[in-house]
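**Q** To start, I am sharing the structure in question, which I have written as structure tokens.
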Amino acid sequence: MSNPVLRVSEVHKSYREAGNAVPVLEGVSLSVAGGERLAIVGSSGSGKSTLLNILGGLDRPDTGEVEVAGEALFQISEARRAAVRNRQLGFVYQFHHLLNEFSALENVAMPLLIARRPAREAQEEARLLLERVGLGHRVKHKPGQLSGGERQRVAIARALVCRPACVLMDEPTGNLDRHTAEEVELYLDKLNQESGIAFVTVTHDLALARRMDRAVEILDGKLQPWVDQS
1 MSNPVLRVSE
11 VHKSYREAGN
21 AVPVLEGVSL
31 SVAGGERLAI
41 VGSSGSGKST
51 LLNILGGLDR
61 PDTGEVEVAG
71 EALFQISEAR
81 RAAVRNRQLG
91 FVYQFHHLLN
101 EFSALENVAM
111 PLLIARRPAR
121 EAQEEARLLL
131 ERVGLGHRVK
141 HKPGQLSGGE
151 RQRVAIARAL
161 VCRPACVLMD
171 EPTGNLDRHT
181 AEEVELYLDK
191 LNQESGIAFV
201 TVTHDLALAR
211 RMDRAVEILD
221 GKLQPWVDQS
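Residue numbering for the sequence shown follows UniProt numbering, beginning at 1 and increasing consecutively.
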């Protein structure tokens, strides 16, 4: 295993409900190595998505720290944190969140354009990634012209285009039928092997969790190794 690309130290997070503090995460610590595939499982409301948002610097913990590629996310400015997210992290959600007015190629190139890469270079990188996820023949199609599985593969290509240290995924196959989910999972395996990028996946899909190198479970606000009881 390589050095950690993502490190979480003693993270606590609570929300206010009817004037009371409701703890969600209680002293969560975690380390993810370069190229590692980690699944985070747990019941609804256990704090999986909260943890993922904290890992991505989208939500701030009450206490504790998150390091991405050696940089402490909550000890830097919001502008710097946004730059780290753009350069070192990719995001894939249950719903693809593609821009409907743009083609697959334009959607995938968008993070590179935000990072001020030349348009021609950004489009070429996007084209190569779309070919790697089997969509080289669909680069000009807009999201409304693509199937659900194709849209999710575009979203995965977009998450990888900046060659981040880690991709954070929230139920990436949760909106797909089993056959399409398996197809997307195969592409995720392939991309992980080719790129060496770490994947952290929050999922209810136990079949997907079993494909990962390691799985942990959130239980009572804490992380523990997941025990597959199937």
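C-beta: ideal position from N, C-alpha, C; glycine also. Just so you know, these numbers come straight off a predicted model, no measurement behind them.
For Ala69, I'd like the list of residues in its chain whose CB is within less than 7 angstroms of its CB, leaving aside the five on either flank, ordered along the chain.
**A** Same-chain partners within the cutoff: Val5, Gln88 and Ala165.
**Q** Should Gln152 be labelled buried (16 or more other beta-carbon atoms within 10 Å of its own) or exposed?
**A** The residue is buried, with at least 16 neighbouring Cβ atoms inside 10 Å.
**Q** Is the number of C-beta pairs between the segment 145-159 and the segment 90-98 that are closer than 8 angstroms three or more?
**A** Contact between the segment 145-159 and the segment 90-98 is present, because at least three Cβ pairs lie under 8 angstroms.
**Q** In this structure, how does DSSP classify Pro164 when only helix, strand and coil are distinguished?
**A** Pro164 falls in the coil class under three-state DSSP.
**Q** Grouping DSSP H, G and I as helix and E and B as strand, with all else coil, what is Pro23?
**A** Three-state DSSP puts Pro23 in a strand.
**Q** Pick out whichever of Glu71, Leu52, Thr63 and Ile218 has its Cα sitting closest to the Cα of Tyr93.
**A** With distances taken between Cα atoms, Tyr93 lies closest to Leu52.
**Q** Please confirm whether Asn107 and Gly148 have their CB atoms less than 9 angstroms apart.
**A** Contact: no.
**Q** When the Cα of Gly47 is compared with those of Leu38, Val28, Gly64 and Leu160, which residue comes out closest?
**A** Ranking Leu38, Val28, Gly64 and Leu160 by Cα distance to Gly47 puts Val28 first.
**Q** Beta carbon of Phe102, beta carbon of Leu168: below 9 angstroms?
**A** Going by C-beta atoms, Phe102 is not nearer than 9 angstroms to Leu168.
**Q** Could you tell me the distance, in whole angstroms, from the CA atom of Ile76 to the CA atom of His179?
**A** Computed Cα separation, rounded: 43 angstroms.
**Q** CB-CB under 7 angstroms to Arg210, same chain, minus the five flanking residues each way: which ones, in chain order?
**A** Around Arg210: Asp228.
**Q** Quick check: the segment 14-29 against the segment 50-64, are there 3 or more CB pairs under 8 angstroms?
**A** These segments touch.
**Q** Let's see if you can read the secondary structure: which residues bound the alpha helix (DSSP H) around Phe48?
**A** Correcting the residue type first, residue 48 is Lys in the shown sequence and not Phe. Lys48 -> alpha helix (DSSP H) spans Lys48 to Leu55.
**Q** Between which two residues does the alpha helix (DSSP H) containing Arg37 stretch?
**A** Segment Arg37 to Val41 is the beta strand (DSSP E) holding Arg37; no alpha helix (DSSP H) there.
**Q** Using the Cα positions of Leu55 and Gln145, report the straight-line distance between them to the nearest angstrom.
**A** Rounded to whole angstroms, Leu55 to Gln145 spans 33 angstroms at the Cα level.
**Q** So if DSSP puts Met169 in a beta bridge, which residue, or which two residues, is it bridged to?
**A** Partner(s): Val92 and Thr201.
**Q** Could you pull the DSSP bridge partners for Ala72 from this structure?
**A** DSSP lists Glu67 as partners of Ala72.
**Q** Residue range of the alpha helix (DSSP H) that Pro111 falls in?
**A** Note, Pro111: alpha helix (DSSP H), Ala104 to Ile114.
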